[in-house]
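Since the structure comes first, as structure tokens, the remarks are kept for the end.
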Amino acid sequence: MREEMARREEAELRRSHQKPRSPEGWGLLLVLWYLAFYKPIITESHLRRKNIKFIFIRFSAWQYAGCDKLWAGLVTTLCDSIRHHFGALPLSFYHVMGTRPRFASGFSQKEWVLKTGTCLKLWGLLFVLGAGLSVLLVALLVPGIKDHHALKVVGSAVTSLSGSGLVLGALSVLKNLLISEKQKIERLTNSKKFASQLGFMNKVHSEVEVLVDFLTFMEIFERRRLRVVLEITSLDVCYPEKVAGVLNAMNTLLSDANTPFIFILAVDPSIIVPCLEQTGCMKGLADNGYLYLNRTVTLPFSIPEMGSRSRLRCLEAAVQTREDLMYRIITSNVERRRAKCRGVPAVLSRREVDAEAVRCIHEAFRCLHDGADPLARYLPTHGAHVRRIVNTIPITLRLLLHRAGTPGTPSPRAAAAWVVLADQWPCRLSWTLQCLEDAWQSRPTPDFGARSLWSIFQENVGELSALRQPLHNVLSLDGDPELFQTFLARDFPFTARDARAFLGVTVNLDHSIRHKMGLLRGLDRLQKAAATPVSRSVQCPH
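Right under this line is the structure:
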């Protein structure tokens, strides 16, 4: 959007040869002059302007999730951001002296019209003030007239009345300068009569209308179109009522045909739709949240699946946040060099283990970052999952090195693959581990450790399918089932022995899922045993 903004700016400058203005420095004095003495006119030439300026505002719904009305937080963020962008003084002047822009009559290209009434009032007040001051000074200073109290009273009265108008105007500007639109709305929402205040929405709407008119005024002044882009994030971590309130506030702000707002709604529909269907805003829409979103969103854009190059860039950005890895290996090298200079033996078990851990961590990250390695194609597309994997691999490898005394310690590449497996398919992996544990307890044969996890999963997949209803929410956490098969059957054929080695250091897998599966599996077997007919030879006599 910024690139498009710069391109349009250059094209409009070549077309009209008019440079855009900015309300900064001398431009601030100019905009205050126009606010006080001129009316803005929306002309045909202004509507033909192609240059545009985007004002980006980020709204994280999670920051306002605790308030009673989340949509009020959206409106206050909008008001506060516009006030900070243009400055408090121009907006305060507009509240007091600004005029609502109107469309030009005919084909007039005149964008500013002098406020004749305002000028006459101002000159009249200044004239009366000057006259009153003159009379007062004459009554106070001219000899022979000092004793006339009537002139003093008339002069002071005229001066006070004429000066009070100017003082009231200045006080109004000062009041709007000190009390922002955000504070006004927050004061309304904090009122004890908030729930029964019928005029509340009307007051909020009037504040938004003033902002829209002010933006139109600034459009004409700056000689370009202005669009306020609100990026709404973290809405899918709020309560359903708050989600519906924010979407209703969006629809209210977009209800005007000439509104200068653009909303970028960054959400996961699979989470937002159930939230909407739980609220009362679905009446008349057959309780279909997707239908409500289709009527709200005017330009749907589903972000395509992340490519391999983008995944590697995301992984590299996540790895760079782990500065502790580089710091530890540098400090260990420095300490080793100092110890060598002092003649201290370099064999320090804890430091050596730490250096070995850092080496293994870097080796695991190299496997993830290598596009030729099959592990790279299993990286998740969601940034949060990538960060979780990057943060989990060092812990897993350090725990493995702590248990390095056991035979058959897995390699760093295998550890990284196991972390990815637990992150991408927590339900299927938990089911396989539970089946492995049950089988190990019932028939611990010597060759059972050589069995592959994929064969164990295939053997018990029918039982998992029968329990898909109580495990529906957990199954929805898993990634592509075909990739799960390729992962375990071809690229990383982990065995039951590998699983037992990793199980004690697997920190990114919710073990309560496996416990729940064990309970469901036991209950299912009890039901099957109860449904099996008992042999007549062992029936109870009665």
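All residue numbers for the sequence shown refer to full-length UniProt numbering, where the first residue is 1 and numbers rise by one. Yeah, the Cβ is synthetic: ideal placement off N, Cα and C, and Gly gets one too. Computed from a prediction, not measured in an experiment: that's the story for all the values here.
Per DSSP, which residues does residue i bridge with? Please list them.
i: Val228; result: Ile55 and Phe261
i: Trp112; result: Pro40
i: Phe103; result: Ile42
i: Thr233; result: Ser60
i: residue 555; result: The chain is shown from 1 up to 542; residue 555 falls before or after that span and cannot be answered.
With residue i and residue j assumed to form a contact (beta carbons below 8 Å), what rounded beta-carbon distance in angstroms separates them?
i: Leu78; j: Leu230; result: 7 Å
i: Leu397; j: Ile361; result: 6 Å
i: Thr296; j: Glu241; result: At roughly 17 Å, the Cβ-Cβ gap does not stay under 8 Å, so Thr296 and Glu241 are not in contact.
i: Lys53; j: Arg224; result: 5 Å
i: His369; j: Leu312; result: 6 Å
i: Ser108; j: Thr43; result: 7 Å
i: Tyr38; j: Lys115; result: 6 Å
i: Val273; j: Tyr290; result: 6 Å
i: Pro410; j: Phe502; result: 7 Å
i: Val246; j: Trp71; result: 5 Å
i: Pro40; j: Phe217; result: 5 Å
i: Val243; j: Leu235; result: 6 Å
i: Ile513; j: Cys427; result: 7 Å
i: Arg21; j: Phe221; result: 6 Å
i: Ala36; j: Met97; result: 5 Å
Shortest alpha-carbon distance to residue i belongs to which of the options?
i: Ile264; options: Met517, Arg102, Leu35 and Ser302; result: Ser302
i: Thr486; options: Leu453, Phe502 and Leu467; result: Leu453
i: Gln233; options: Ala61, Arg313 and Ala170; result: Before going further, note that residue 233 is Thr rather than Gln in the sequence given. Taking only the C-alpha atoms, the option nearest Thr233 is Ala61.
i: Ser1; options: Leu503, Arg227, Val173 and Ala157; result: The displayed chain sequence assigns Met, not Ser, to residue 1. Comparing Cα-Cα distances from Met1 to each of Leu503, Arg227, Val173 and Ala157, the minimum goes to Arg227.
i: Arg49; options: Ala131, Tyr38, Glu219 and Val113; result: Glu219
i: Glu9; options: Leu399, Asn508 and Asn51; result: Asn51
i: Ser465; options: Arg497, His511 and Asp524; result: Asp524
i: Ile456; options: Ile389, Trp431 and Pro470; result: Trp431
i: Ala422; options: Phe484, Glu463, Glu363 and Cys367; result: Phe484
i: Ala439; options: Ala496, Ser512, Leu477 and Pro394; result: Ala496
i: Ser156; options: Cys119, Arg468, Ala131 and His95; result: Ala131
i: Glu12; options: Ser45, Ser22, Leu174 and Thr76; result: Ser45
i: Pro269; options: Leu399, Val358 and Val237; result: Val237
i: Arg100; options: Leu477, Gln458, Leu125 and Tyr34; result: Tyr34
i: Leu429; options: Leu526, Asp478 and Asn248; result: Asp478
i: Ile82; options: Val210, Met306, Arg366 and Leu171; result: Val210
i: Leu399; options: Glu437, Glu482, Thr506 and Asn460; result: Thr506
i: Leu520; options: Gln469, Phe127, Asp256 and Asp510; result: Gln469
i: Phe494; options: Arg413, Ala529 and Gly518; result: Arg413
i: Gly383; options: Ala317, Arg309, Trp425 and Phe365; result: Ala317
i: Thr321; options: Gln441, Tyr239, Phe365 and Arg309; result: Phe365
i: residue 610; options: Arg102, Leu122, Leu133 and Gln424; result: In the structure displayed, the chain extends from 1 to 542; residue 610 sits before or after that span and is not available.
Could you give the DSSP three-state label for residue i: helix, strand or coil?
i: Arg2; result: helix
i: Arg8; result: helix
i: Arg295; result: helix
i: Phe93; result: helix
i: Phe484; result: helix
i: Arg14; result: helix
i: Ser310; result: helix
i: Asn508; result: coil
i: Arg468; result: coil
i: Ala372; result: coil
i: Tyr378; result: helix
i: Leu503; result: helix
i: residue 543; result: With the chain running from 1 to 542 in the structure shown, residue 543 is simply not present.
i: Gln528; result: Per the sequence presented here, residue 528 reads as Lys, with Gln not at that position. Note: Lys528 maps to helix in three-state DSSP.
i: Asp478; result: coil
i: Leu30; result: helix
i: Ser22; result: coil
i: Asp213; result: helix
i: Phe301; result: coil
i: Ser206; result: helix
i: Gly289; result: helix
i: Ala266; result: coil
i: Gly98; result: coil
i: Leu122; result: helix
i: Thr279; result: coil
i: Ile179; result: coil
i: Arg83; result: helix
i: Lys516; result: helix
i: Pro410; result: coil
i: Trp425; result: coil
i: Leu254; result: coil
Using a Cβ-Cβ cut-off of 8 Å, state whether residue i counts as contacting chain D.
i: Ile179; result: Checking the listed chains, one finds no chain D in this structure; it contains a single protein chain.
*asked:* Below 8 Å, how does it come out for the stretch 80-91 and the stretch 23-39: are there three or more Cβ pairs, yes or no?
replied: yes
*asked:* For the structure I just gave you, are there three or more beta carbon pairs, one from the stretch 373-393 and one from the stretch 411-420, closer than 8 Å?
replied: yes
*Pairing CB atoms from the stretch 384-398 with CB atoms from the stretch 469-476, are three or more of them under 8 Å?*
no
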